[in-house]
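Here's the structure we're looking at; comments come further down.
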């Protein structure tokens, strides 16, 4: 019988972040990862400031910065098509991370498997870390339904079935979570009227900025990676992928070269449709992340639309908060499963808000009509030019804080951009940053009140 303090089912970046937090505090962890080789499914590469701050807390920010590519600004372009078929830039909006009060006023792009490799390499330095790969969670062999406790689980590993026992079980195995099913938690799903194609291909050395281009009926995103690579994203209609495959790869190359002529010839490095991933966006949420001594994090708990690049960051932030809670529980000897609700209290509200924000971002690009584009351009223009709106948007996607949108923001959209009190804005903007009390309230007295601004 193998015994651990925490068993984490799923070795994605959320589960690994949690594992590293725990083993650094000498909490015995088993990570069960099914996939021996990395799959072709895109799992996120854009790190937001909050995730970078978390890795700094764990002492691995330097390695991650060294292996990633800095994106201090997201450049967005709205294009219109002229009568001769060429594109004209109608609106340019830069969205700046440097307005944020963070040691990392930027986003960073890093290949997903490289990020996992860095976290695993750090975790392996600690004797409390055990990593089984490939291994598969099969079922719970001992559970107490009345007290909502899972005590022992059967894991297929190294050609045999192994029974493991743990104080706590964590489901971090993605949207098809077996642990979530064992908890009898059902997802609430939203589907969309569009899909994406995504792939990485080489880029020119001087292509160093994150760019998003949109017309009334098209959208592409280009996000530079290290080693002269770029992650590309193209929005398509359902069924369009089959049509494109019939016509040939030029239908994939053309939009990138049309919107960004400087890339001409580079998409042609993709020689097979097998290299290109079709992404079907969905959004799901569940009512509860916790049941007894079992808890789910990341995509197992909340899948968000990829438009805002938040899925991986939510998983990292889940792992960090849950890890800090477990460390406190083991250190203080407060191992009653009811304490897991403290994790849910911090993270569910934040994840739900980011899910809604990603959903609204998706809707802004979902409908191929010129009047929709005109409305989007108006909103983007006001967002960028009003300091309060610009700051709010960047703060809310960054993860380092949250400033709720209000009725006054509607007036800001309609009124002059410079009519606001800078002194009052600066004072209030600092208050909207998450403190340690907000992230880890169990370390503080009056923890309920410490979360009031959330």
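Numbering (UniProt numbering), first residue to last: 1 to 454. The beta carbon of each residue, even a glycine, is placed where N, CA and C say it ideally should be. Values in this document were obtained by computation on a predicted structure and should not be read as measured data.
My assumption, with CB atoms under 8 Å, is that residue i sits in contact with residue j. Please give the rounded CB distance.
i	j	result
residue 109	residue 223	5 Å
residue 111	residue 36	With a Cβ gap of about 18 Å, residue 111 and residue 36 do not count as contacting.
residue 49	residue 399	7 Å
residue 409	residue 389	6 Å
residue 75	residue 229	Not confirmed; about 18 Å, so no contact.
Anyone know if the C-beta pair for residue i and residue j falls short of 8 Å?
i	j	result
residue 129	residue 7	no
residue 175	residue 299	yes
residue 100	residue 68	no
residue 77	residue 211	yes
residue 53	residue 102	yes
residue 17	residue 320	yes
residue 173	residue 9	yes
residue 527	residue 148	Here the chain comprises residues numbered 1 to 454, so residue 527 is not present and cannot be evaluated.
residue 34	residue 136	yes
residue 183	residue 308	no
residue 380	residue 91	yes
residue 27	residue 327	yes
residue 207	residue 267	no
residue 41	residue 277	yes
residue 15	residue 170	yes
residue 188	residue 285	yes
residue 51	residue 316	yes
residue 215	residue 86	no
residue 314	residue 354	yes
residue 372	residue 270	no
residue 310	residue 93	no
residue 237	residue 273	no
residue 179	residue 296	yes
residue 340	residue 167	no
Identify, in the order they occur along the chain, each residue of the same chain with its Cβ nearer than 6 Å to the Cβ of residue i, setting aside the five sequence neighbours on each side.
i	result
residue 305	281, 283, 358, 359, 362
residue 450	Residue confidence for residue 450 is low, a pLDDT of 45 falling below 50, so the modelled location carries little weight; the figure read from the coordinates is stated next. Here the set comprises 437, 441, 444.
residue 96	73
residue 259	213, 220
residue 323	18, 21, 22
residue 403	392, 395, 432
residue 11	31, 33
residue 217	368
residue 190	283
residue 121	none
residue 233	196, 198, 221
Whose C-beta lies closer than 8 Å to the C-beta of residue i among residues of the same chain, with five residues either side of it excluded?
i	result
residue 124	131
residue 138	153, 154, 155, 156, 161
residue 56	103, 104
residue 430	101
residue 235	194, 195, 196, 218, 219, 220, 365
residue 425	387, 388, 391
Exposed or buried, what is residue i when buried is set at 16 or more other beta-carbons lying within 10 Å of its beta-carbon?
i	result
residue 343	buried
residue 24	buried
residue 264	exposed
residue 318	buried
residue 378	exposed
residue 197	buried
residue 186	exposed
residue 435	exposed
residue 448	Reliability fails at residue 448, whose pLDDT of 48 lies under 50, so the model's placement of it is uncertain and no value is given.
residue 158	exposed
residue 115	buried
residue 303	buried
residue 348	buried
residue 62	exposed
residue 338	exposed
residue 107	buried
residue 356	exposed
residue 401	buried
residue 231	buried
residue 455	Absent from the structure is residue 455, since the part of the chain shown begins at 1 and ends at 454.
residue 422	exposed
residue 88	exposed
Can we count residue i as close to the ligand ATP, meaning its CB is less than 7 Å from some heavy atom?
i	result
residue 306	The ligand ATP is absent from the structure shown, which contains no ligands of any kind.
Give every residue of the same chain whose Cβ lies closer than 7 Å to the Cβ of residue i, excluding the five residues on either side of it in the sequence, and list them in chain order.
i	result
residue 312	13, 43, 44
residue 366	192, 193, 194
residue 1	163, 165
Checklist entry - Which runs of the beta strand (DSSP E) spanning at least 3 residues fall entirely within the segment 113-144, listed in chain order? => result 129-132, 135-144
Checklist entry - Counting only runs that start and end within the segment 228-310, where is the beta strand (DSSP E) found for 3 or more residues in a row? => result 229-236, 277-279, 282-285, 294-296
Checklist entry - Taking the runs of the beta strand (DSSP E) that are 3 residues or longer, which of them lie wholly in the segment 66-100? => result 69-71, 73-81, 87-96
Checklist entry - Which runs of the beta strand (DSSP E), 3 residues or longer, sit entirely within the segment 196-232? => result 210-214, 219-225
Next on the checklist: Going residue by residue through the segment 312-354, where are the continuous alpha helix (DSSP H) segments of at least 4 residues, counting only ones entirely within it?
Outcome noted: none
Item to check | Segments assigned alpha helix (DSSP H), at least 4 residues, entirely inside the segment 364-417 | outcome: 370-385, 387-398, 407-414
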